[in-house]
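This report refers to the structure that appears directly beneath it.
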Amino acid sequence: MDRLIYTALSGASQTLYEQQISANNLANVNTNGFRADMAMATNDKVKGGGFDTRYMAQEGASGVNDSTGVAEKTERPLDVAIQGSGYIAVQDKNGNEVYTRNGNIQQDDQGQLTIDGNLVLGDNGPIILPPNAIASFGSDGTLSVTPDDGDVTATMDIDRLKLVDTGRACPGREPGEKS
Numbered sequence: 001m002d003r004l005i006y007t008a009l010s011g012a013s014q015t016l017y018e019q020q021i022s023a024n025n026l027a028n029v030n031t032n033g034f035r036a037d038m039a040m041a042t043n044d045k046v047k048g049g050g051f052d053t054r055y056m057a058q059e060g061a062s063g064v065n066d067s068t069g070v071a072e073k074t075e076r077p078l079d080v081a082i083q084g085s086g087y088i089a090v091q092d093k094n095g096n097e098v099y100t101r102n103g104n105i106q107q108d109d110q111g112q113l114t115i116d117g118n119l120v121l122g123d124n125g126p127i128i129l130p131p132n133a134i135a136s137f138g139s140d141g142t143l144s145v146t147p148d149d150g151d152v153t154a155t156m157d158i159d160r161l162k163l164v165d166t167g168r169a170c171p172g173r174e175p176g177e178k179s
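With the numbering used here as the guide, the letters of the sequence shown map in order to residues 1 to 179.
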């Protein structure tokens, strides 16, 4: 009976954790750039004398589903979609560099590019568009601007999105945190 309690309680705890991850994944199914969390369980032998036959379910290595979702064409020149495992670097309100896959880039009143209120970073810092310019991104993340009169001969590159390849996992990320 004692063995059953260890197994049942640890299994129930692991099931609740996996339900939390599933609920978070479902809640974010329509979030641009969201990467689903994955949970894995392992069984560990209980240490100590007299516990030779007792095992507990433990949280295994967690990860992030790195598969690319469906890219939706929006006709907005500032929207981007990232192929592969890269992330866009943004600066949060505390000045920290954080990463996102949300490519819904907006321009604020000062010409700064933002994603969810965070400043979009380029290779040279936060990206600011000149007034009255038409902006577009190249396939490598280069941001070009054309004067609003449409003179394409005056088009110039002003910066390039700071793209970061974090590999196949987001260390330190808890379920429910945006990447």
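For every residue, glycine included, the Cβ atom is placed at its ideal position computed from N, Cα and C.
Quick caveat: nothing in here was measured; it's all calculated off a predicted structure.
Nearest to I158 by C-alpha distance, out of D79, N24, T142, is T142. A distance of 8 Å or more separates the beta carbons of I128 and D148. Here T100 is buried, its C-beta having at least 16 other C-beta atoms within 10 Å.
Between G103 and V80 a beta carbon distance of about 4 Å is seen, short of the 8 Å cut, so the two are scored as contacting.
Membership of R160 in the beta strand (DSSP E) is indicated by the continuous run 156-160.
Sixteen is the threshold: since fewer than 16 other Cβ atoms of the shown chains lie within 10 Å of the Cβ of D108, the residue is exposed. Closest option to I88, judged by alpha-carbon separation, among S10, T7, L161: L161. Where D165 is concerned, the enclosing beta strand (DSSP E) starts and stops at 163-165.
If you look at P147, you'll find it in the beta strand (DSSP E) that goes 142-147. In the three-state reduction of the DSSP assignment, V70 falls in the coil class. Burial check for S10: the Cβ neighbour count within 10 Å reaches 16 or more, so the residue is buried.
For the set K47, T166, N24, V46, the Cα lying nearest the Cα of D37 is the one of N24.
Around the C-beta of R76, fewer than 16 other C-beta atoms lie within 10 Å, and the residue is accordingly described as exposed.
Just measuring C-alpha positions, the residue of T74, M40, Y55 sitting nearest G63 is M40. The residue from Y17, I105, E59, G117 with its alpha-carbon nearest to that of N94 is G117.
Across the set Q110, V46, V90, the C-alpha of V46 shows the shortest separation from the C-alpha of I5.
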